[in-house]
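Sequential numbering of the sequence shown, starting at 702, is according to my numbering. The C-beta atom is built at its ideal place from N, Cα and C for all residues, glycine as well.
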Amino acid sequence: MQFDYPFLNGYYCSALTAFHQKNGHLYKEHHLRVDVAHDLDTNTKHDHKRSIFIGNLPFDANDDDVWKVFEECGEIDSVRLVRDRATSVGKGFGYVLFQDEASVGLALRMNENCKIGNRMIRIKTAVKKPKHVKPKMSTKKPRRAKDKFISKKTVRSDTNDGVMQGR
């Protein structure tokens, strides 16, 4: 099989643990990344204490480029570069998840002189940002105020008897 990209999305429901054990292994000179689309264990969450954010990446950077730079900091669980869904072109940022927290400190010290491709990259601790919640739109129609105004009527004065009349 020939692929245009050095990454491939696959969806497997069976043999989940067998695939998960292959996370990070080299296959045809590429590091494998195995993720679960939705976590079956709702208590398991991403560990931000073992992660770094990397920015200012070249748009054509791939996971292996990042892996090679940060593997000297310690064992890496995964590298994730954020890509455009339609074009699969990188958006210029991503994340590295290390096996231990000490590796994060080593990676942060590389911030001054770390280059991928022809760009100096930015390295920061990964932080969990709250998801942007859209304000709820009511499905009810707005209540209409009851008619509390007096209708305008033309008022004229009768000069003969001085009485005001409405039409």
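Beta-carbon separation (whole angstroms), residue i vs residue j, contact threshold 8 Å
i       : j       : result
Lys-792 : Arg-784 : 6 Å
Val-805 : Ile-753 : 6 Å
Residue burial classification, residue i (beta-carbon count within 10 angstroms, cutoff 16)
i       : result
Ala-803 : exposed
Asp-764 : buried
Val-797 : buried
Val-828 : exposed
Leu-727 : exposed
Val-780 : buried
Residue nearest to residue i in terms of C-alpha spacing, selected from the options
i       : options                               : result
Glu-730 : Phe-760, His-747, His-749 and Trp-768 : Trp-768
Asp-766 : Ile-817, Phe-794 and Glu-773          : Ile-817
Beta-carbon proximity list for residue i, same chain, < 8 Å, skipping 5 on both sides
i       : result
Thr-743 : Its pLDDT being 44, under 50, Thr-743 is placed unreliably by the model, and the measurement read from it follows with that caveat. Cβ neighbours of Thr-743 beyond the five flanking positions: none.
Arg-751 : Asp-778, Leu-798, Phe-799, Gln-800, Asp-801, Glu-802, Ser-804 and Val-805
Thr-826 : His-749, Ser-752, Ile-753, Phe-754, Val-805 and Leu-809
Cys-815 : Val-770, Met-821, Ile-822 and Ile-824
Spatial neighbours of residue i in its chain, beta-carbon cut-off 7 Å, leaving aside the 5 residues before and after
i       : result
Lys-837 : none
What are the uninterrupted segments assigned as alpha helix (DSSP H) that are 4 or more residues long and contained completely in the stretch 774-831, given in chain order?
For the stretch 774-831, the full-length alpha helix (DSSP H) segments reaching 4 residues or more read 803-810 along the chain.
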